[in-house]
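Peer 1:
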Amino acid sequence: MSELYHDVTGIVLAGGKSRRMGRDKALLPFGGRPLASRSVEACRALFARTLLVGGARAELRALGVPVIADDCPGSPLGGLITALRHAGTPWIFALACDLPWPEPRLMARLVELRIGYDVVVPRSAAGYEPLCAVYGSGCLAPLERLLAAGTLRLFDLYPLVRTRVVPLAELAELVTPGRTFVNINTPEEFAMISSQEERKTVQAVSFVAKSGTGKTTLLEQVIAELKARGYRVGAIKHDAHRFDIDHPGKDSYRFTAAGADTMLISSPEKLALVKRHAAAPPIEELLATYFGDVDIVLTEGFKMSGLPKIEVHRRDRSATLLCRGEENDPTLLAVASDEPLALDVPVLDLNEPRRVADFVEARFLR
């Protein structure tokens, strides 16, 4: 879809007591902002309306969305009841405030499955993920009965309503192990996850397009412009096919042909690494492993990743976009086009690569 969801309200649950943490989890400083802002931004990328449920703390109002005091404080179940009472839409998407890395594309996939169900809940290796799930208005009465009976576990709701459990196998390309469903409960967990975030300092943006649009040419020009401005630039090309950078007759080819799992060629000017793997590693792993010494990484492709994206559009190639139309990719930042377009993101002049570099610089390097 090309617009935000209007029949689903994004709900960020921030009513917990944070007893194990010892201070308000929603307001923990994470990446220079309150932790809850991550969940708020993920919801605002998808839903026409977002609410924050869980108390009227003045600090929460600074996150820029309406704050609803919890009707039934003390448990996520009570938070859902409050959300369903105030949402005004047939469904809500419930998201915990303590998720450091919420994934909008995963959220959108779950929302797409909502028709005919009261609950759409993912199930990871750790079990149900009830605070990254869709709940319909049909859940309100059963939740109220559970609360009246003193039952506070969300899991007890699922047998009572039409529930669609989504196994991890259906979401594999949208889930990053050790990140997507991670939440923060203790000071030790916060310290560990903050350390991971600090190490993830590489800025990256992916240029995507239909084949034959000219994204490689644009990338080449933007790289040259950013280099001229003094930035250290990395580049990654996504290749869906097999490729070889060493050839028969070369020593490097003989090493890999003999079965070497990792082969590196080094010279005074550069090095090249050939590493075998059974499956393509996540883009986040590539960035963290190989690009710690650059200011920005520009990738070509990786449309299915969670990276922020600039789509390249050429009128003569196609009348439609990859990231707007049948699909609404919330990670789209801008479109570089050779024609004017009415979009919800900036439209850059494809024939002015310097302006595209200006956008990348302003968004990622200042």
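Mapping the sequence shown onto the working numbering, position 351 (from 1) lands on 408, and the numbers just tick up by one. Glycine is no exception: its CB is placed at the ideal position from the N, C-alpha and C atoms.
Check this for me: beta carbons of residue 263 and residue 150, under 8 angstroms apart or not?
Peer 2: Cβ atoms of residue 263 and residue 150: not closer than 8 angstroms.
Peer 1: Given this structure, state the Cα-to-Cα distance separating residue 402 from residue 168, to the nearest angstrom.
Peer 2: One C-alpha to the other measures close to 22 angstroms.
Peer 1: Applying the 10 Å Cβ sphere with the 16-neighbour rule, what's the burial state of residue 144?
Peer 2: Buried, by the Cβ-count rule.
Peer 1: If you run the structure through DSSP and keep just helix, strand and coil, what is residue 341?
Peer 2: In this structure, residue 341 counts as helix in the three-state DSSP scheme.
Peer 1: In the DSSP assignment, what are the bridge partners of residue 207?
Peer 2: Residue 207 is not bridged to any residue.
Peer 1: By how many angstroms is the C-alpha of residue 211 removed from the C-alpha of residue 104?
Peer 2: Cα to Cα, residue 104 sits roughly 23 angstroms from residue 211.
Peer 1: For residue 328, report the span of its alpha helix (DSSP H) as first-last.
Peer 2: Unbroken run through residue 328 is the beta strand (DSSP E), 328-332; no alpha helix (DSSP H).
Peer 1: Look up residue 193 in the DSSP assignment and say whether it is helix, strand or coil.
Peer 2: In the structure shown, residue 193 sits in a strand (DSSP, three-state: E or B).
Peer 1: Would you tell me roughly how many angstroms separate the C-alpha atoms of residue 339 and residue 233, rounded to the nearest one?
Peer 2: Distance between the alpha carbons of residue 339 and residue 233: 8 angstroms.
Peer 1: Pick from 332, 222, 390: whose alpha carbon is nearest that of residue 185?
Peer 2: The shortest Cα separation from residue 185 among 332, 222, 390 belongs to 222.
Peer 1: With contact counted as at least three CB pairs below 8 angstroms, one residue from each stretch, are the segment 150-160 and the segment 173-188 in contact?
Peer 2: The answer is yes - the segment 173-188 touches the segment 150-160, with three or more Cβ pairs under 8 angstroms.
Peer 1: Among all the DSSP beta bridges, which residues are the ones paired with residue 76?
Peer 2: Note: residue 76 sits in no beta bridge, so no partner.
Peer 1: Counting C-beta neighbours from all protein chains within 10 Å, is the total for residue 266 16 or more, i.e. buried, or is it exposed?
Peer 2: Flag for residue 266 reads buried.
Peer 1: What ranges does the alpha helix (DSSP H) occupy inside the segment 124-157, keeping only unbroken runs of at least 4 residues that lie completely in it?
Peer 2: The qualifying runs are 133-144.
Peer 1: Within 7 angstroms: the Cβ of residue 328 and any heavy atom of the ligand PLP?
Peer 2: For the ligand PLP, the structure offers nothing, since it holds no ligand at all.
Peer 1: Determine contact between the segment 65-73 and the segment 134-143, defined as no fewer than three beta-carbon pairs at a distance below 8 angstroms.
Peer 2: As far as the Cβ criterion goes, the segment 65-73 touches the segment 134-143, which means the pair count is three or higher.
Peer 1: Hey, residue 292 and residue 214: beta-carbon distance below 8 angstroms or not?
Peer 2: Contact flag unset, no.
Peer 1: Alpha carbon to alpha carbon, how far is residue 99 from residue 201?
Peer 2: So the two alpha carbons sit approximately 28 angstroms from each other.
Peer 1: Compare the Cα-Cα distances from residue 351 to each of 287, 157, 204 and report the closest residue.
Peer 2: Considering only alpha carbons, the answer is 287.
Peer 1: Under a three-way DSSP split, which group does residue 366 fall into?
Peer 2: In the structure shown, residue 366 sits in a strand (DSSP, three-state: E or B).
Peer 1: Just to confirm before moving on: does the CB-CB distance between residue 259 and residue 349 stay below 8 angstroms?
Peer 2: Cβ atoms of residue 259 and residue 349: closer than 8 angstroms.
Peer 1: May I ask you to list the residues that DSSP assigns as paired with residue 391?
Peer 2: Answer is 367.
Peer 1: Could you tell me which residues DSSP puts in a beta bridge with residue 261?
Peer 2: In DSSP, residue 261 forms a bridge with 354.
Peer 1: Which same chain residues, not among the five before or five after residue 231, have their C-beta less than 7 angstroms away from its C-beta?
Peer 2: Correct list, in chain order: 160, 162, 163, 166.
Peer 1: Could you give the distance in angstroms between the alpha-carbon of residue 86 and the alpha-carbon of residue 228?
Peer 2: Spanning the two alpha carbons is a distance of roughly 30 angstroms.
Peer 1: Identify whether residue 250 lies in helix, strand or coil by the three-state DSSP scheme.
Peer 2: Helix, per DSSP.
Peer 1: Which residue or residues does DSSP assign as beta-bridge partners of residue 406?
Peer 2: DSSP lists 394 as partners of residue 406.
Peer 1: Return the bridge partner residues of residue 294 from the DSSP annotation.
Peer 2: Its beta-bridge partners are 357.
Peer 1: The beta strand (DSSP E) spanning residue 323 covers which residue range?
Peer 2: Per DSSP, residue 323 belongs to the beta strand (DSSP E) from 319-323.
Peer 1: With the cut-off set at 8 angstroms, would you say residue 157 and residue 76 are in Cβ contact?
Peer 2: Taking 8 angstroms as the Cβ cut-off, residue 157 and residue 76 do not qualify as a contacting pair.
Peer 1: Expressed to the nearest angstrom, what Euclidean distance is found between the alpha-carbon atoms of residue 208 and residue 415?
Peer 2: Roughly 55 angstroms separates the two Cα atoms.
Peer 1: Per DSSP, residue 104 forms a beta bridge with which residues?
Peer 2: According to DSSP, residue 104 bridges with 62.
Peer 1: Anyone know if the C-beta pair for residue 122 and residue 107 falls short of 8 angstroms?
Peer 2: The answer is yes: Cβ separation under 8 angstroms.
Peer 1: From the DSSP output, in three-state form, read off residue 236 for me.
Peer 2: Residue 236 falls in the coil class under three-state DSSP.
Peer 1: Under 8 angstroms by Cβ, that's how I've got residue 368 and residue 404 pegged, so tell me the actual separation to the nearest angstrom.
Peer 2: Going by Cβ atoms, the distance from residue 368 to residue 404 rounds to 10 angstroms, so no, they are not a contact pair.
Peer 1: Span of the beta strand (DSSP E) holding residue 222?
Peer 2: Unbroken beta strand (DSSP E) run through residue 222: 220-224.
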